[in-house]
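If you read the sequences in order, they're chains A and B. Numbering of the first sequence is given in the working numbering, commencing with residue 327 and proceeding in unit increments. Numbering of the second sequence is given in the working numbering, commencing with residue 327 and proceeding in unit increments. Take a look at the structure set out below.
Number of protein chains: 2
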Amino acid sequence: MVAEPLEWRKYDDAELPRVLEAALEAFAKHGYHGTSIRELASTAGLSVPGLYHHYPSKQDILVALLEDVMRDLVQRTAAALEEAGPSPAARFDAWVECLLRFHMFRTKHAFVTSSELRSLEGDNRDRIVALRDELQGMLDHAVEDGAAGGTFATPYPKAASRGVTVLCIGVSSWYRPDGPLSPEDLVHRHLVLARGVVNATE
Amino acid sequence: MVAEPLEWRKYDDAELPRVLEAALEAFAKHGYHGTSIRELASTAGLSVPGLYHHYPSKQDILVALLEDVMRDLVQRTAAALEEAGPSPAARFDAWVECLLRFHMFRTKHAFVTSSELRSLEGDNRDRIVALRDELQGMLDHAVEDGAAGGTFATPYPKAASRGVTVLCIGVSSWYRPDGPLSPEDLVHRHLVLARGVVNATE
């Protein structure tokens, strides 16, 4: 039996377990330190002991949430790169489109991930940062390969790769589904901008 | 008597009033909703009534802090543009360098501004957003002028302008003063990237 290939462009409404969905809403609104276990339990429709049955602490909820968010993005990115094949230009475009769509359709997830990384403790932080670095590494490789082969003319592949990442992430700070541009238009425009950052030659 | 021109490249250690400095530290660490007035007073070396004497509420402290941060950036940007003169290419470079330096030397300020905009109420939010829009407008003009005159070849001046902004802002998420690159090197590299975003022709 072969697993269905992941539809990396498709975003459904609700994909998180109930407690994590409640945590996402609360952390986005009041922050991790501004949210109590009692509020989380009530929003999730659980008693406090019921909540503790699933997660031993608020910290466990935060790390489960961020891990879920990052793993989703890592899996989508891997599927997008798989679909793109070996060409550095195609891999670059796939990576950019995937990160863009994620930051258009998961704005709250992205906001909580970036604003509450500070609230992760010890190993938890290391684990999430490792996932983030894994993602950045995928783009770094595509840009470095492209720069080595002449597809990208940038003299600074590493800085360009990081620049492209923040370019995609930045979309989450202003994108609204009811805005004037369709997701496809936005993806197209940002691909043009991102190719500018790496000085794409094709 | 003529006022000294603002040295927009210069960042001193402490420029905030004592209460706002305490708020900056606390909000950066625990968030606005995770910080109590009692903690703020204690960090600032004041009694709670003493603190209320200066600021009637925690919300007043947040808006004073963000307004101070945004006004500082607006003034620096105006000084940088003034120094650059009328050429769109020079104005673009000045704007980018100014926003970059701000996000290298005011990382905590930038983080609190972006993560706690959600916590501003009503008119307070409108006022800070207006300052942010004023800043973005300065770059939009430089990019639109440059696109109209052929200095920038981008087909999407508005999207490019926003892309350049997030490129500069993104620096604050990873810049460390003890990193391998000097501020001047970082500015140089990011100017190259930013010119790529607008397809600079010179």
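Every residue, glycine too, gets a C-beta built ideally from N, C-alpha and C. Computed from a predicted model, the values in this text were never measured in an experiment.
Which whole-angstrom value describes the C-beta separation of residue i and residue j, a residue pair presumed to lie in contact below a C-beta threshold of 8 angstroms?
{"i": "ASP466 of chain A", "j": "PRO414 of chain A", "result": "Not quite, the Cβ-Cβ distance comes to about 12 angstroms (not below 8 angstroms), so this is no contact."}
{"i": "HIS356 of chain A", "j": "HIS359 of chain B", "result": "4 angstroms"}
{"i": "GLU423 of chain A", "j": "ALA406 of chain A", "result": "7 angstroms"}
{"i": "ILE454 of chain A", "j": "LEU446 of chain A", "result": "6 angstroms"}
{"i": "ALA486 of chain A", "j": "VAL523 of chain A", "result": "5 angstroms"}
{"i": "VAL395 of chain A", "j": "THR433 of chain A", "result": "About 12 angstroms; that fails the 8 angstroms criterion."}
{"i": "LEU366 of chain A", "j": "VAL345 of chain A", "result": "7 angstroms"}
{"i": "ARG397 of chain B", "j": "LEU457 of chain B", "result": "7 angstroms"}
Taking Cβ-Cβ distances shorter than 8 angstroms, what residues in chain B pair up with residue i?
{"i": "LEU519 of chain A", "result": "THR480, TYR482, ALA485, ALA486, GLY489, VAL523"}
Short of 8 angstroms in beta carbon distance, which residues of its chain neighbour residue i, apart from the five on each side in sequence? Order them along the chain.
{"i": "LEU519 of chain B", "result": "LEU493"}
{"i": "MET327 of chain B", "result": "Residue placement at MET327 of chain B is poorly supported in this model, since its pLDDT is 49, which falls under 50; the coordinates still yield a value, given next. Closer than 8 angstroms at the Cβ level, and outside the excluded window around MET327 of chain B, lies no residue."}
{"i": "THR369 of chain A", "result": "ALA348, GLU351, ALA352"}
{"i": "LEU388 of chain B", "result": "ALA349, PHE353, TYR358, GLU442, SER445, LEU446, ASN450"}
{"i": "GLU393 of chain B", "result": "ARG453, ILE454, LEU457"}
Spatial neighbours of residue i within its chain, please: C-beta separation below 6 angstroms, excluding the five flanking residues on both sides.
{"i": "PHE428 of chain B", "result": "LEU399"}
{"i": "ARG417 of chain A", "result": "LEU407, ALA410, ALA468"}
{"i": "HIS425 of chain A", "result": "Looking at the sequence itself, residue 425 of chain A is Leu, so the reference to His does not match. Once the five neighbours on either side are set aside, the close Cβ partners of LEU425 of chain A are CYS494."}
{"i": "LYS384 of chain A", "result": "ILE363"}
{"i": "TRP334 of chain B", "result": "ARG402, ALA405, ALA406, CYS424"}
{"i": "GLY448 of chain A", "result": "none"}
{"i": "ARG521 of chain B", "result": "none"}
Run through chain A and tell me which residues come within less than 8 angstroms of residue i, C-beta to C-beta.
{"i": "ARG515 of chain B", "result": "TYR482, ALA485"}
Exposed or buried, what is residue i when buried is set at 16 or more other beta-carbons lying within 10 Å of its beta-carbon?
{"i": "SER508 of chain A", "result": "exposed"}
{"i": "GLY489 of chain B", "result": "buried"}
{"i": "ASP511 of chain A", "result": "exposed"}
{"i": "GLY505 of chain B", "result": "exposed"}
{"i": "SER498 of chain B", "result": "buried"}
{"i": "ARG402 of chain A", "result": "buried"}
{"i": "VAL374 of chain B", "result": "exposed"}
{"i": "THR527 of chain B", "result": "exposed"}
{"i": "GLY496 of chain A", "result": "buried"}
{"i": "TRP500 of chain A", "result": "exposed"}
{"i": "GLY516 of chain B", "result": "The question names Gly, but residue 516 of chain B is His in the sequence shown. The residue in question, HIS516 of chain B, is buried, as its Cβ has 16 or more Cβ neighbours within 10 Å."}
{"i": "ASP419 of chain B", "result": "buried"}
{"i": "ARG502 of chain A", "result": "exposed"}
Can you name the residues of chain B whose CB is closer than 9 angstroms to the CB of residue i?
{"i": "VAL469 of chain A", "result": "The contacting residues do not exist; VAL469 of chain A stays about 12 angstroms from chain B at best."}
{"i": "GLY496 of chain A", "result": "ARG488, GLY489, THR491, VAL492, LEU493, ILE495, GLY496"}
Could you tell me which chain E residues have their CB closer than 7 angstroms to the CB of residue i, listed as they occur along the chain?
{"i": "LEU332 of chain B", "result": "This model lacks chain E altogether; the protein chains it does include are A and B."}
If the cut is a Cβ gap below 7 angstroms, which residues of chain B does residue i touch?
{"i": "HIS356 of chain A", "result": "HIS359"}
{"i": "LEU493 of chain A", "result": "GLY489, VAL492, LEU493"}
{"i": "SER441 of chain A", "result": "SER441"}
Provide the residue(s) that pair with residue i in DSSP beta bridges, ordered along the chain.
{"i": "ALA526 of chain B", "result": "B:PHE478"}
Quick one: what's got a C-beta closer than 7 angstroms to residue i's C-beta in the same chain, skipping five residues either side?
{"i": "LEU377 of chain A", "result": "VAL345, ILE363, LEU366, ALA367, ALA370"}
{"i": "PRO483 of chain A", "result": "VAL469, GLU470, ALA473"}
{"i": "ASN525 of chain A", "result": "PHE478, ALA479, THR480"}
{"i": "PHE431 of chain A", "result": "TYR337"}
{"i": "TRP421 of chain A", "result": "THR403, ALA406, LEU407, MET464, LEU465, ALA468"}
{"i": "ASP386 of chain B", "result": "none"}
{"i": "HIS380 of chain A", "result": "VAL345"}
{"i": "THR361 of chain B", "result": "ALA352, PHE353"}
{"i": "GLY475 of chain A", "result": "PRO414"}
{"i": "PHE437 of chain A", "result": "ALA354, SER498"}
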